[in-house]
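Each remark here refers to the structure printed beneath this line.
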Amino acid sequence: MTADVTKGQATKAIHAGSKPGVPEEAVLNPLVRATSFYAAADSGFSANALNGPPPFIYTRWNNPTNDLLEKRLAALEGGEAAVVFASGMAATAGLWFSKLKAGDHLVLSNVCYAGVAELAHDILPELGVQTTAVDTSDVAAVQAALRPETRLVHIETPCNPILRLADIAAIAQLAHAHGVELAVDSTIATPVATQPIALGADYVVHSLTKYACGHGDALGGAVIGRLHDMAALRKTSLIHFGAAINPFAAWLILRGLETLPARMAAHQAGAAAVAAFLKTHRGVRRVLWPGAPSHPQRDLARRQMRNFSGMVSFSAAGGAALARRLAERLEVFSYAVSLGKTRSLIYYIPTEELLGAAFHLVGRDADAYRDWTGEGTFRLSIGLEDPADLIADLDQALAG
Ligand SMILES: *Cc1c(COP(=O)(O)O)cnc(C)c1O
């Protein structure tokens, strides 16, 4: 059912890309660990000679397990093709370095995964690529940032760590009207919630390490987009930069994807329960979850997301001291970074540290961030435990 676009997400998550007729595939995604393959005599030796689908010659170019993961991701995102990488950072860097040349300009979300913000702020300008970070929840701010040299707008929605949303359809329309492409980091939404390509995005970027894998045991990343763009990306960023995913990690992520729709439903239910509990807790100042009636972009969330994901952030009186207490007292939650695993995680992100070291926000943009977080934000990744146990755990740890 490789090309069966009429199937639902849960069916695609298990079957898309599999070829009927290969016996072991009836029951299992094949794990092919080989680094090289018997080649046709006319296979060629240079990636520059590549045209058409990449053959299985060498695993950094392509590999049957990685290829199946690419096909499955493309099907889930409704894109023509995908390229998988060793991590989400490798996917983002791969996309940017294949698209942006000296003299070009990038517009990106001013609140996003810290590694992505740091890559844009610290590395790209040294290579002659100018960047402008704006509040992408404000389409007018994106418009004001566009220049004649702008090549790419890169947004993250919901964004890490404050779960602020960006309107994909509106930004795609704006970018295209200026001849600019749009990339959407959809790690937190997953294809279960949102399919950015259908809303006009040119590229979807994922850290597969998170919900796609789902079990916290494999790093991976992906870019999904048009066939010819993915061919160019494979040549530059995979074959020449070399950040190929280990096929065993790809196999773990394929296994994770099979339960992604079911897991996202459970993550959402747990997040709804925890967000509702926190909302009523007297020590808690502000709770953010895209599915909550109190989320400032509730209407956009309903329009753009079919599932509100499992990330909740809250701010509370006590800041860093409270973080220490929670790290000590919580028993079901783990005090740890990352997100999208079976087990629930919590992490405290102090506002001024993030603003200064990663986001470099000043003035109105800094004030807008502080307005969402206060002195710091607790980022929760709600896992698959019983919501009642998660709530009881938070309740006992928050008690003064
Ligand atoms: C984790 C994350 C990344 C980076 O992915 P890695 O797999 O850790 O390299 C990028 N974007 C978002 C939104 C993330 O959460």
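Just so we're aligned, residue 1 is where the sequence shown starts under the numbering used here, counting upward by one.
Heads up, the beta-carbon is just placed ideally off N, CA and C, and yes, glycines get one too.
Residue state for residue 378 is assigned as strand, using DSSP reduced to three classes. Taking residue 128 as reference, the option from 368, 150, 101 with the minimal CA-CA separation is 101.
In this structure residue 233 is buried. Its beta-carbon is surrounded by 16 or more other beta-carbon atoms within 10 angstroms. The residue among 296, 390, 8, 47 with its C-alpha nearest the C-alpha of residue 239 is 47. Between the segment 71 to 86 and the segment 8 to 15 there are three or more C-beta pairs closer than 8 Å, enough to call the two in contact. Residues of the same chain with a CB within less than 7 Å of the CB of residue 142, apart from the 5 flanking positions on each side, are 107, 134, 136, 153, 171, 174 in chain order.
According to the DSSP secondary-structure assignment, residue 132 is paired through a beta bridge with 107.
Taking all protein chains in view, the Cβ of residue 282 is surrounded by fewer than 16 other Cβ atoms within 10 Å, so the residue is classified as exposed. Scanning the segment 133 to 190 from its first residue to its last, the whole alpha helix (DSSP H) runs of 4-plus residues come out as 139 to 145, 168 to 177. Taken through DSSP and simplified to helix, strand or coil, residue 314 comes out as strand. Look at residue 335 here: in three-state DSSP terms it is strand. Contact holds between the segment 253 to 266 and the segment 50 to 69, because three or more Cβ pairs, one in each stretch, are under 8 Å apart. By the criterion of at least three beta-carbon pairs nearer than 8 Å, the segment 333 to 343 is in contact with the segment 200 to 214. Around the beta carbon of residue 356, fewer than 16 other beta carbons lie within 10 angstroms, which makes this residue exposed. For residue 281, the secondary structure class from DSSP, reduced to helix, strand or coil, is coil. Listed as beta-bridge partners of residue 82 by DSSP are 224.
Here the alpha carbons of residue 104 and residue 149 stand approximately 5 Å from one another.
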